[in-house]
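For reference, the structure is listed below as structure tokens.
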Amino acid sequence: MAKHLLLPSGASGKIVTAISFTAFSEGLSGSKAHVHELGQLVLSMQGVVACEVADNHWIVPPHCALWIPAGVPHQSRASANAHGYFLFIKPSASTLPDECCTFSISAMLREMIIELCEGRSDRTTLSKDLITQLLLEELSAMPRVSTYFPIPADSRLKRIAEALIQAPDNRRTLEQWASFGGMSERTFSRQLFKETGMSFGKWRRQLHLMVALKLLAEEKSVQQVAGDLGYEAVTSFIRMFKLALGTTPAKYVSLPSVGYKGQ
């Protein structure tokens with residue numbers, strides 16, 4: 001991945017710089033691989049933002065934010081009409097982790113981010129500093145959610161990952177995927193767990209969750225998404241989704257910022 005060092009306009013000297021974005025079509029502008037001197041928080045308010053970080057695929061659904069530490073190469077794209085905010089944070093000013101992660105963002109935290117970006121222009125420096133300090137404290141306390149699909153370094157596993165991404169509805173068994181990768185079932189399971197910390201079933205479900213979030217943001221019905229992922233019964237898909245996010249797909253898409261309401 002090529003590296004282009006970028007520093008957001010107006011960020012020099014600030015602890016936190018907030019910038020809004022809107023994607024009017026598929027593919028976020030300025031999405032070539034790059035790095036920042038500052039840590040970056042990608043907050044989605046509407047639609048879905050997808051990021052590729054160190055060969056791992058991340059999805060940022062509404063009400064969540066992806067943390068990308070300073071100096072980490074990444075590139076982004078967004079669903080049509082996605083809207084959200086980028087926060088650029090001085091590494092020395094926060095206790096955020098050294099690795100990428102996704103946070104669930106509270107309503108209060110969202111409002112603070114909006115205020116920093118679009119709020120009153122007559123706020124004093126002290127007022128802005130207090131909001132920034134509280135924002136960083138709240139952010140470090142937010143719960144993490146798992147919205148990424150890890151790509152193993154092993155060439156055999158990477159081939160399987162790429163095939164799954166191309167055809168997430170493929171229902172090959174563990175044994176069949178191991179054969180596709182040119183290894184035994186035991187070797188596949190052991191190496192996959194070593195590199196991702198996941199069993200094959202969890203790994204594939206993680207991909208299904210990411211694809212589902214993207215398709216739901218594109219206004220596909222729950223039934224359509226379940227079919228696109230190869231589920232014979234929509235109830236099985238709903239169970240997987242609820243286990244991962246704590247809510248059903250129908251309730252998820254009815255949230256005000258997801259982009260549409262309905263089954």
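Just so you know, UniProt numbering puts 215 at position 215 of the sequence shown, and the rest follows in order with no gaps.
Every residue, glycine too, gets a C-beta built ideally from N, C-alpha and C.
message: Using CA atoms only, rank isn't needed, just tell me which of Phe193, Leu213, Gly39 is closest to Ala18.
response: In the sequence shown, residue 18 corresponds to position 18, counting from 1. If we check each option's Cα against that of Ala18, Gly39 comes out closest.
message: Could you check whether Thr102 and Ala161 sit closer than 8 Å to each other, using their CB atoms as the reference points?
response: The count along the sequence shown starts at 1 and reaches residue 161 at position 161. The count along the sequence shown starts at 1 and reaches residue 102 at position 102. Their beta carbons are not under 8 Å apart, which means Ala161 does not touch Thr102 by this criterion.
N-terminal and C-terminal residue of the beta strand (DSSP E) that Ala78 is part of: Counted from its first residue, the sequence shown places residue 78 at position 78. It spans 74–78 - the beta strand (DSSP E) in which Ala78 sits, taken as one unbroken run.
Residue from Thr248, Thr247, Ala250, Leu209 with nearest C-alpha to Gly230: Here the question's residue 230 lines up with position 230 in the sequence shown. Nearest C-alpha to Gly230: Leu209.
task: Tell me, to the nearest whole angstrom, how far the beta carbon of Met45 is from that of His83; I am working on the premise that it is less than 8 Å.
output: Taking the first residue of the sequence shown as 1, we reach residue 45 at position 45. Taking the first residue of the sequence shown as 1, we reach residue 83 at position 83. The pair is a contact, with the Cβ atoms about 5 Å apart (cut-off 8 Å).
field: First through last residue of the alpha helix (DSSP H) which encompasses Ile151
entry: Against the sequence shown, residue 151 aligns to sequence position 151. Counting along the chain, Ile151 falls outside any alpha helix (DSSP H), and DSSP gives it neither H nor E.
query: Can you list the alpha helix (DSSP H) stretches of 4 or more residues lying completely in the stretch 89–150, in chain order?
result: 107–118, 125–141
- prompt: Going straight from the alpha carbon of Lys251 to that of Ile151, what length do you get?
  reply: Reading the sequence shown from its first residue, position 251 is the one you call residue 251. Reading the sequence shown from its first residue, position 151 is the one you call residue 151. One C-alpha to the other measures close to 30 Å.
message: For the alpha helix (DSSP H) containing Val16, name the first residue and the last one.
response: On the sequence shown, residue 16 is found 16 positions in, with the first residue counted as 1. Premise fails: Val16 lies in the beta strand (DSSP E), 16–22, not in any alpha helix (DSSP H).
Touch test, the stretch 119–134 against the stretch 156–170, Cβ-Cβ under 8 Å, three pairs minimum: Flag = no, the stretch 119–134 and the stretch 156–170 do not touch.
message: If you measure between the beta carbons of Leu216 and Ile59, is that distance less than 8 Å?
response: Indexing the sequence shown from 1 puts residue 216 at position 216. Indexing the sequence shown from 1 puts residue 59 at position 59. At the C-beta level, Leu216 and Ile59 stay beyond 8 Å of one another.
field: Beta-bridge pairing of Phe180 - partner residues as DSSP gives them
entry: For the purposes of this step, residue 180 is identified with residue 180 of the sequence shown, where counting begins at 1. For Phe180, DSSP assigns no beta-bridge partner whatsoever.
- prompt: Quick one: what does DSSP say Met45 is sitting in, helix, strand or coil?
  reply: As a working note, residue 45 is residue 45 in the sequence shown. In the structure shown, Met45 sits in a strand (DSSP, three-state: E or B).
- prompt: Once you ignore the five residues that flank Gly181 on each side, which residues in its own chain have a CB closer than 7 Å to its CB?
  reply: As a working mapping, residue 181 is identified with position 181 in the sequence shown. These residues qualify, in order along the chain: Arg156, Leu157, Arg159, Ile160, Phe188.
Beta-carbon proximity check, Leu43 vs Leu96, cutoff 8 Å: On the sequence shown, position 43 is the one that residue 43 refers to. On the sequence shown, position 96 is the one that residue 96 refers to. No.
- prompt: Going by DSSP, which residues form a beta bridge with Gln206?
  reply: Start at 1 with the first residue of the sequence shown, and residue 206 comes out as number 206. Per DSSP, none; premise fails for Gln206.
message: Could you give the first and the last residue of the continuous beta strand (DSSP E) run that contains Leu66?
response: Within the sequence shown, residue 66 is the residue found at index 66, counting from 1. From DSSP, the beta strand (DSSP E) with Leu66 extends over 64–68.
- prompt: If we call anything under 8 Å between Cβ atoms a contact, is Met142 one with Ser104?
  reply: Stepping through the sequence shown from its first residue, residue 142 is reached at position 142. Stepping through the sequence shown from its first residue, residue 104 is reached at position 104. Yes. Within cutoff.
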